[in-house]
Amino acid sequence: MSMIGEYVRLTPAQFERALGDPEWARDLVDELVDAELDGEPDAASARCLSTDKAWHALDFLLSRLDFPVDVVFGEEPLPEAGDWGYAPPRYLTPERVRAAAEALADVPAARLVEGVGPEDLARAEVYPSVVWERGESLDYVTHHYDELVPFLTSAARDGDAVLLWLD
(Lines of atoms letter the chains of each structure in order from A and count residues from 1; the text may use other names and numbers.)
(Lines give C-alpha, C1' and ligand atoms only; values in the text may rest on other atoms or scores of the structure.)
Protein backbone atom coordinates (compact mmCIF):
# COMPACT_ATOMS: atom_id res chain seq x y z
CA MET A 1 0.00 0.00 0.00
CA SER A 2 1.28 3.47 -0.91
CA MET A 3 1.04 6.80 0.84
CA ILE A 4 -0.19 9.42 -1.62
CA GLY A 5 -0.26 13.19 -1.02
CA GLU A 6 -3.70 14.63 -1.84
CA TYR A 7 -4.91 18.23 -2.23
CA VAL A 8 -8.33 19.77 -2.85
CA ARG A 9 -9.16 23.43 -3.39
CA LEU A 10 -12.23 24.75 -1.60
CA THR A 11 -13.97 28.04 -2.24
CA PRO A 12 -14.28 30.27 0.85
CA ALA A 13 -17.92 29.21 1.30
CA GLN A 14 -17.04 25.52 0.95
CA PHE A 15 -14.17 25.95 3.38
CA GLU A 16 -16.37 27.59 6.01
CA ARG A 17 -18.91 24.79 5.71
CA ALA A 18 -16.15 22.13 5.83
CA LEU A 19 -14.86 23.55 9.12
CA GLY A 20 -18.21 22.86 10.73
CA ASP A 21 -19.26 19.75 8.82
CA PRO A 22 -16.39 17.36 8.08
CA GLU A 23 -18.72 14.63 6.78
CA TRP A 24 -20.05 17.06 4.18
CA ALA A 25 -16.45 17.98 3.35
CA ARG A 26 -15.54 14.34 2.74
CA ASP A 27 -18.54 13.90 0.44
CA LEU A 28 -17.62 17.08 -1.44
CA VAL A 29 -14.03 15.93 -1.85
CA ASP A 30 -15.22 12.59 -3.23
CA GLU A 31 -17.44 14.44 -5.73
CA LEU A 32 -14.63 16.75 -6.81
CA VAL A 33 -12.19 13.88 -7.27
CA ASP A 34 -14.74 11.85 -9.24
CA ALA A 35 -15.53 14.85 -11.45
CA GLU A 36 -11.89 15.24 -12.45
CA LEU A 37 -10.99 11.58 -12.95
CA ASP A 38 -11.89 11.48 -16.63
CA GLY A 39 -11.05 15.05 -17.60
CA GLU A 40 -7.62 15.27 -15.96
CA PRO A 41 -7.43 19.08 -16.04
CA ASP A 42 -4.06 20.80 -15.93
CA ALA A 43 -2.82 21.70 -12.46
CA ALA A 44 -3.70 25.39 -12.81
CA SER A 45 -7.39 24.67 -13.42
CA ALA A 46 -7.76 21.52 -11.30
CA ARG A 47 -9.69 21.44 -8.04
CA CYS A 48 -7.80 18.30 -6.98
CA LEU A 49 -4.13 17.37 -7.12
CA SER A 50 -2.05 14.39 -6.14
CA THR A 51 1.66 14.55 -5.46
CA ASP A 52 1.70 10.75 -5.50
CA LYS A 53 4.60 9.42 -3.40
CA ALA A 54 6.66 12.59 -3.87
CA TRP A 55 5.09 14.24 -0.81
CA HIS A 56 7.86 13.29 1.62
CA ALA A 57 10.64 14.37 -0.74
CA LEU A 58 8.81 17.66 -1.29
CA ASP A 59 8.62 18.17 2.47
CA PHE A 60 12.32 17.32 2.88
CA LEU A 61 13.38 19.67 0.09
CA LEU A 62 11.15 22.58 1.12
CA SER A 63 12.12 22.21 4.78
CA ARG A 64 15.81 22.56 3.95
CA LEU A 65 14.93 25.91 2.32
CA ASP A 66 13.04 27.03 5.46
CA PHE A 67 9.87 27.31 3.40
CA PRO A 68 7.40 29.48 5.40
CA VAL A 69 4.21 27.45 4.79
CA ASP A 70 3.64 23.73 5.29
CA VAL A 71 2.35 22.92 1.81
CA VAL A 72 2.81 19.18 2.29
CA PHE A 73 1.01 18.45 5.55
CA GLY A 74 -1.08 21.61 6.01
CA GLU A 75 -1.08 23.82 9.05
CA GLU A 76 -4.33 23.17 10.91
CA PRO A 77 -6.39 19.99 11.33
CA LEU A 78 -9.92 19.89 9.95
CA PRO A 79 -11.92 19.65 13.20
CA GLU A 80 -13.47 16.27 13.97
CA ALA A 81 -12.78 14.92 10.49
CA GLY A 82 -11.36 11.54 11.46
CA ASP A 83 -8.79 9.82 9.29
CA TRP A 84 -8.97 10.27 5.53
CA GLY A 85 -6.29 7.70 4.92
CA TYR A 86 -3.31 7.85 7.24
CA ALA A 87 -4.44 10.78 9.37
CA PRO A 88 -7.09 13.48 9.53
CA PRO A 89 -6.96 16.10 6.78
CA ARG A 90 -5.33 19.41 7.47
CA TYR A 91 -5.79 22.74 5.71
CA LEU A 92 -4.31 25.99 4.57
CA THR A 93 -6.54 29.04 4.89
CA PRO A 94 -6.86 31.33 1.87
CA GLU A 95 -4.34 33.66 3.49
CA ARG A 96 -1.80 30.86 3.96
CA VAL A 97 -2.42 29.63 0.41
CA ARG A 98 -1.59 33.14 -0.80
CA ALA A 99 1.57 33.20 1.35
CA ALA A 100 2.57 29.80 -0.05
CA ALA A 101 2.00 30.89 -3.64
CA GLU A 102 4.06 34.03 -3.14
CA ALA A 103 6.92 32.04 -1.61
CA LEU A 104 6.73 29.34 -4.30
CA ALA A 105 7.25 32.01 -6.95
CA ASP A 106 10.79 32.41 -5.59
CA VAL A 107 11.60 28.68 -5.68
CA PRO A 108 11.98 27.24 -9.18
CA ALA A 109 12.31 23.45 -9.33
CA ALA A 110 16.03 23.72 -10.04
CA ARG A 111 16.54 25.61 -6.76
CA LEU A 112 14.39 23.08 -4.90
CA VAL A 113 16.75 20.22 -5.73
CA GLU A 114 20.00 22.19 -6.00
CA GLY A 115 22.82 20.32 -4.30
CA VAL A 116 20.63 17.33 -3.43
CA GLY A 117 20.83 13.86 -4.92
CA PRO A 118 18.99 10.61 -4.39
CA GLU A 119 21.67 9.52 -1.93
CA ASP A 120 20.71 12.45 0.33
CA LEU A 121 17.07 11.38 0.29
CA ALA A 122 18.06 7.77 0.98
CA ARG A 123 20.28 8.84 3.89
CA ALA A 124 17.41 10.90 5.34
CA GLU A 125 15.06 7.90 4.91
CA VAL A 126 12.67 9.89 2.75
CA TYR A 127 9.64 7.88 1.61
CA PRO A 128 9.71 5.83 -0.59
CA SER A 129 13.28 5.08 0.43
CA VAL A 130 13.69 2.18 -2.01
CA VAL A 131 13.44 4.65 -4.91
CA TRP A 132 16.27 6.80 -3.59
CA GLU A 133 18.39 3.79 -2.60
CA ARG A 134 18.26 2.74 -6.26
CA GLY A 135 19.61 6.18 -7.23
CA GLU A 136 16.50 7.28 -9.10
CA SER A 137 16.45 10.79 -10.52
CA LEU A 138 14.77 13.65 -8.66
CA ASP A 139 12.79 14.37 -11.85
CA TYR A 140 9.87 12.53 -10.28
CA VAL A 141 9.83 15.05 -7.44
CA THR A 142 10.31 18.12 -9.64
CA HIS A 143 7.49 16.92 -11.91
CA HIS A 144 5.08 16.94 -8.95
CA TYR A 145 6.50 20.22 -7.67
CA ASP A 146 5.89 21.75 -11.11
CA GLU A 147 2.22 20.77 -10.73
CA LEU A 148 1.90 21.90 -7.12
CA VAL A 149 3.10 25.43 -7.89
CA PRO A 150 0.38 26.34 -10.46
CA PHE A 151 -2.23 24.50 -8.38
CA LEU A 152 -1.51 26.66 -5.32
CA THR A 153 -0.99 29.78 -7.41
CA SER A 154 -4.46 29.38 -8.94
CA ALA A 155 -5.95 28.65 -5.53
CA ALA A 156 -4.38 31.86 -4.21
CA ARG A 157 -5.62 33.86 -7.19
CA ASP A 158 -9.17 32.60 -6.58
CA GLY A 159 -9.06 33.08 -2.80
CA ASP A 160 -9.42 29.34 -2.14
CA ALA A 161 -8.44 27.31 0.90
CA VAL A 162 -6.77 23.92 0.44
CA LEU A 163 -7.32 20.63 2.22
CA LEU A 164 -4.34 18.23 2.37
CA TRP A 165 -4.01 14.63 3.53
CA LEU A 166 -2.12 11.40 2.96
CA ASP A 167 -4.20 8.64 1.45
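Residue numbers (the working numbering): 392 to 558.
Cβ atoms here follow ideal geometry from the backbone N, Cα and C, with glycine treated the same way.
For residue i, tell me which candidate among the options has the shortest Cα-Cα distance.
{"i": "Glu510", "options": "Ala448, Val463 and Leu469", "result": "Ala448"}
{"i": "Asp412", "options": "Arg548, Pro470, Pro480 and Ala496", "result": "Pro470"}
{"i": "Leu512", "options": "Tyr531, Gly396 and Ala494", "result": "Tyr531"}
{"i": "Leu458", "options": "Glu427, Asp425 and Ala496", "result": "Note that residue 458 is Phe in the sequence shown here, rather than Leu. The candidate whose alpha carbon is nearest that of Phe458 is Ala496."}
{"i": "Thr533", "options": "Thr402, Trp475 and Val507", "result": "Val507"}
{"i": "Leu453", "options": "Glu431, Leu410 and Ala501", "result": "Ala501"}
{"i": "Thr484", "options": "Ser436, Ala404, Gly396 and Arg417", "result": "Ala404"}
{"i": "Ala546", "options": "Trp446, Arg487 and Tyr536", "result": "Arg487"}
{"i": "Phe406", "options": "Pro519, Glu397 and Leu419", "result": "Leu419"}
{"i": "Trp475", "options": "Asp549, Arg548, Glu414 and Ala445", "result": "Glu414"}
{"i": "Ser393", "options": "Pro519, Arg548 and His535", "result": "Pro519"}
{"i": "Asp443", "options": "Glu397, Glu516 and Ala409", "result": "Glu397"}
{"i": "Thr544", "options": "Asp429, Ala472, Ala494 and Glu422", "result": "Ala494"}
{"i": "Pro499", "options": "Asp461, Arg489 and Pro541", "result": "Pro541"}
{"i": "Glu505", "options": "Val517, Arg417 and Ser528", "result": "Ser528"}
{"i": "Leu503", "options": "Asp461, Ala434, Leu423 and Arg455", "result": "Arg455"}
{"i": "Val517", "options": "Ala552, Phe451 and Asp549", "result": "Phe451"}
{"i": "Glu422", "options": "Asp433, Arg514 and Leu401", "result": "Leu401"}
{"i": "Ala435", "options": "Asp551, Leu555 and Asp558", "result": "Asp551"}
{"i": "Val553", "options": "Gly526, Ala492 and Val521", "result": "Ala492"}
Mind reading off the beta-carbon distance from residue i to residue j? Whole number of angstroms is fine, and I expect it under 8 Å.
{"i": "Glu467", "j": "Tyr482", "result": "6 Å"}
{"i": "Leu440", "j": "Glu524", "result": "The pair is not a contact, with the Cβ atoms about 27 Å apart (cut-off 8 Å)."}
Along the chain, where does the alpha helix (DSSP H) containing residue i start, and where does it finish?
{"i": "Arg525", "result": "Premise fails: Arg525 is in no alpha helix (DSSP H) and is neither H nor E."}
{"i": "Ser454", "result": "Trp446 to Arg455"}
{"i": "Phe458", "result": "Here Phe458 belongs to no alpha helix (DSSP H), and DSSP marks it neither H nor E."}
{"i": "Trp415", "result": "Pro413 to Leu428"}
{"i": "Pro432", "result": "Neither: Pro432 is in no alpha helix (DSSP H) and is coded neither H nor E."}
{"i": "Tyr536", "result": "Asp530 to Asp549"}
Kindly identify the DSSP beta-bridge partner or partners of residue i.
{"i": "Leu555", "result": "Tyr398 and Arg481"}
{"i": "Pro468", "result": "Arg481"}
Just curious, the beta strand (DSSP E) that residue i is in, first and last residue?
{"i": "Leu440", "result": "Cys439 to Asp443"}
Legend entry - alpha helix (DSSP H) runs wholly inside the segment 483-514, at least 4 long, in chain order: 485-495, 500-504 and 509-514
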